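Q:
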Amino acid sequence: RPPLGFFGDLQTVDGRVDLKIGGLLPLVAAARLLSLRSGNPSTATPDRLEGAVAAGLITEADASDLAGAHRILVRYVLEQQIIDLVEGKPPSTKVDATRLTRPQRRLLRDVLRRIGHLPEMIQDALAV
984 RPPLGFFGDL QTVDGRVDLK IGGLLPLVAA ARLLSLRSGN PSTATPDRLE GAVAAGLITE
1044 ADASDLAGAH RILVRYVLEQ QIIDLVEGKP PSTKVDATRL TRPQRRLLRD VLRRIGHLPE
1104 MIQDALAV
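For the sequence shown, our numbering gives the first residue as 984, with consecutive numbering after it.
This is the structure in structure tokens:
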């Protein structure tokens, strides 16, 4: 489940939201499943999504949305890891929600909502 509350707010622990567990892990796992189903040998998530489109498992729009979500999540995690290192902390996949701007938080909520729909998308794709 994505780290979103009942009203769509970001769920944090100590002010941080875990984008690996709540975002990247389910997205990458879904891309792996689609890759296996389509017989695509790619290892990169965007390439796996493109292979799923080519195999007719998901739409181009879904693949584009998911690839965009992947880019955003990776960017936010890497930015946080740089900040952590600069501050002398171990790098983390848990992003400090207070450092995100309002538009960034809104975008992150949208991305996480999209990831919340992955189980249905994968179920539909694997039923083909």
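Where is the CB? At the ideal position from N, CA and C, for every residue including glycine.
Bear in mind the structure is a predicted one, so any value in this text is a computation, not a measurement.
1. Taking the C-alpha atoms as reference points, what is the distance between ASP992 and ARG1092?
2. Measure how close the beta-carbons of LEU1016 and ILE1098 come, nearest whole angstrom, since I'm counting them as under 8 Å.
3. Counting only the same chain and skipping the five closest in sequence on each side, list residues whose C-beta sits under 6 Å from that of ASP1067.
4. Tell me which same chain residues have a C-beta within less than 6 Å of the C-beta of VAL1094, skipping the five on either side of it?
5. What are the residues that DSSP puts in a beta bridge with ARG999?
6. So what does DSSP say about LEU1090, is it helix, strand or coil?
A: Based on what the coordinates show:
1. Counting from one through the sequence shown, the residue named residue 992 turns up at place 9. Counting from one through the sequence shown, the residue named residue 1092 turns up at place 109. If you draw a straight line from the Cα of ASP992 to the Cα of ARG1092, it is about 7 Å long.
2. Here residue 1016 corresponds to residue number 33 of the sequence shown, with the count starting at 1. Here residue 1098 corresponds to residue number 115 of the sequence shown, with the count starting at 1. With a Cβ gap of about 14 Å, LEU1016 and ILE1098 do not count as contacting.
3. If you number the sequence shown from 1, residue 1067 lands on position 84. Within the same chain, ASP1067 has close Cβ partners PRO1074 and SER1075.
4. Start at 1 with the first residue of the sequence shown, and residue 1094 comes out as number 111. If we look at VAL1094 and ignore the five residues flanking it on each side, its Cβ neighbours are ALA1052 and ILE1055.
5. Position 16 of the sequence shown, counted from the first residue, corresponds to residue 999. ARG999 is bridged to VAL996 and ASP1079.
6. Counting from one through the sequence shown, the residue named residue 1090 turns up at place 107. Per DSSP, reduced to three states, the secondary structure at LEU1090 is helical.
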